[in-house]
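Engineer: Residue numbers for the sequence shown, in this note's numbering: 10 to 272.
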Amino acid sequence: MKYIVFGNIAVWLLDMISGGLASLWLSFIPSAVFYGQVWRLVTFVFVPATSDPLYLGLALLMYYYLGTQLEQIWGSTRFTVFYLLGMVLTILCGLALGFSPFRDLAVVNMGYVNLSLFLAFATLFPDAQFRIYFFIPIRGKWLALVYVVLIGLDVVKWLRAGQFLLAAVPAVSLLNWLAFFWDDLFRSKKPAPAPVRRKSEQKPVNLRTAQQQVQKQQGYLHKCAVCGITDRDDRNMEFRYCSKCQGYYCYCANHINNHTHVE
């Protein structure tokens, strides 16, 4: 995400020197792409959303924070796929706009895709608190709900106007978000089966304790499920169990926040 942030800063500086020509030559204008200016399919991600230095600085700080947090939670691969998927969907919508009657006026940007970063973060941390205008506290889940409603209103506005291609542009951020969080949002939870009573009650077994007893017999107590390091290999290494993985999976300090959850 830092490359996106630094790219936006660089283009903003070039705009200050060139009077806005840098953004003009780097923006995703569908008609220009069909005239052979294919570099716009990549460079438009670096075009700043505003020329105001204050709002741009705040936006870039927020994008950088959200991006780095998601990358630490998901890992670099999944975060890159998330961002690239939104970028590809936006490009496809932009290319489709190139066949519309207003192709010479259409300009596509990454605003909605960058907004999906916040939606992803708010889904993972719904109780995280943000401050609007630096002093109005609001939880992430309510702010995300407001953003979803605003995006939905944009979609409805263009659909009512009969501009289906323009409606697809804001919709891609929601599609990108749903593609990664569908299971978390809509997965049906089946009721647990009723316990079966048996004549002979067995003493309950703590799986975590049993696992530790087996590992202790093997010469170590903790072993990272990713890199395989044990407390015998490094006595100063900290180990933790992930509460989001199905089962008792142990991870070292380097991978507790950088692994794929087991489901």
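Positions of the beta carbon are idealized from the N, C-alpha and C atoms, including for glycine.
If you run the structure through DSSP and keep just helix, strand and coil, what is V42?
Structural biologist: As a position in the sequence shown, residue 42 is number 33, starting the count at 1. Here V42 sits in helix by DSSP.
Engineer: With DSSP as the reference, identify every bridge partner of I13, one or two as the case may be.
Structural biologist: Locating residue 13 in the sequence shown gives position 4, where the first residue counts as 1. None, per the DSSP bridge assignment.
Engineer: Taking the Cβ atom as the reference point for each residue, do L168 and A176 lie within a distance shorter than 9 Å?
Structural biologist: Position 159 of the sequence shown, counted from the first residue, corresponds to residue 168. Position 167 of the sequence shown, counted from the first residue, corresponds to residue 176. Against a cut-off of 9 Å, the Cβ pair of A176 and L168 comes out as a contact.
Engineer: Rounded to whole angstroms, what's the CA-CA distance from V122 to N266? Just pull it up for me.
Structural biologist: Start at 1 with the first residue of the sequence shown, and residue 122 comes out as number 113. Start at 1 with the first residue of the sequence shown, and residue 266 comes out as number 257. When only Cα atoms are considered, V122 and N266 end up about 24 Å apart.
Engineer: Helix, strand or coil, according to DSSP, for I238 in the structure here?
Structural biologist: Taking the first residue of the sequence shown as 1, we reach residue 238 at position 229. Reduced to three states, the DSSP call for I238 is coil.
Engineer: Evaluate L162 with the Cβ neighbour count: other Cβ atoms within 10 Å of its Cβ, from every protein chain shown; 16 or more gives buried, anything less gives exposed.
Structural biologist: On the sequence shown, residue 162 is found 153 positions in, with the first residue counted as 1. Exposed, since its Cβ has fewer than 16 Cβ neighbours within 10 Å.
Engineer: As an exercise, report each continuous beta strand (DSSP E) stretch of at least 3 residues that is fully enclosed by the region 87 to 148, in chain order.
Structural biologist: Segments of the beta strand (DSSP E) lying fully in the region 87 to 148: 138 to 141 and 145 to 148.
Engineer: Report the option in S60, K11, A41 and T132 whose CA atom is closest to the CA atom of D24.
Structural biologist: Locating residue 24 in the sequence shown gives position 15, counting from the first residue. S60 is the residue among S60, K11, A41 and T132 whose C-alpha sits nearest the C-alpha of D24.
Engineer: Tell me where the beta strand (DSSP E) around Y260 begins and ends.
Structural biologist: As a working mapping, residue 260 is identified with position 251 in the sequence shown. Residues C259 to C261.
Engineer: With distances taken Cα to Cα, identify the nearest neighbour of L174 among G76, V47 and L106.
Structural biologist: Residue 174 sits at position 165 when you count from the first residue of the sequence shown. Ranking the options by Cα distance to L174, first place goes to L106.
Engineer: Go through its chain and collect everything with a Cβ distance to S182's Cβ below 8 Å, but skip five positions before and after it.
Structural biologist: For this step, residue 182 is matched to residue 173 along the sequence shown. Hits under 8 Å: G95, Y121, V122, L124, S125, L128 and I160.
Engineer: On a CA-only basis, which of C261, I38, G84 and G66 is nearest L104? Give me that one, please.
Structural biologist: If you number the sequence shown from 1, residue 104 lands on position 95. Nearest of C261, I38, G84 and G66 to L104, Cα basis: I38.
Engineer: From the DSSP output, which residues share a beta bridge with R249?
Structural biologist: Indexing the sequence shown from 1 puts residue 249 at position 240. For R249, which the question treats as bridged, DSSP gives the partners Y260.
Engineer: Can you give me the C-alpha to C-alpha distance between N245 and S40, rounded to a whole angstrom?
Structural biologist: As a working note, residue 245 is residue 236 in the sequence shown. As a working note, residue 40 is residue 31 in the sequence shown. Spanning the two alpha carbons is a distance of roughly 60 Å.
Engineer: Tell me where the alpha helix (DSSP H) around S36 begins and ends.
Structural biologist: For the purposes of this step, residue 36 is taken as the residue at position 27 of the sequence shown. For S36, no alpha helix (DSSP H) run applies, since DSSP gives it neither H nor E.
Engineer: Quick check on the DSSP output: the alpha helix (DSSP H) that includes G76 runs from which residue to which?
Structural biologist: One-based indexing of the sequence shown puts residue 76 at position 67. That run of the alpha helix (DSSP H) goes P62 to W83.
Engineer: Quick one, are the C-beta atoms of T77 and M10 less than 9 Å apart?
Structural biologist: Reading the sequence shown from its first residue, position 68 is the one you call residue 77. Reading the sequence shown from its first residue, position 1 is the one you call residue 10. Yes, these two residues count as a Cβ contact at 9 Å.
Engineer: For V116 versus S36, is the C-beta distance shorter than 9 Å?
Structural biologist: Numbered from its first residue, the sequence shown carries residue 116 at position 107. Numbered from its first residue, the sequence shown carries residue 36 at position 27. Going by C-beta atoms, V116 is nearer than 9 Å to S36.
Engineer: Which residues does DSSP pair with K232 in a beta bridge?
Structural biologist: For the purposes of this step, residue 232 is identified with residue 223 of the sequence shown, where counting begins at 1. DSSP, once it has assigned bridges, lists T239 as partnering K232.
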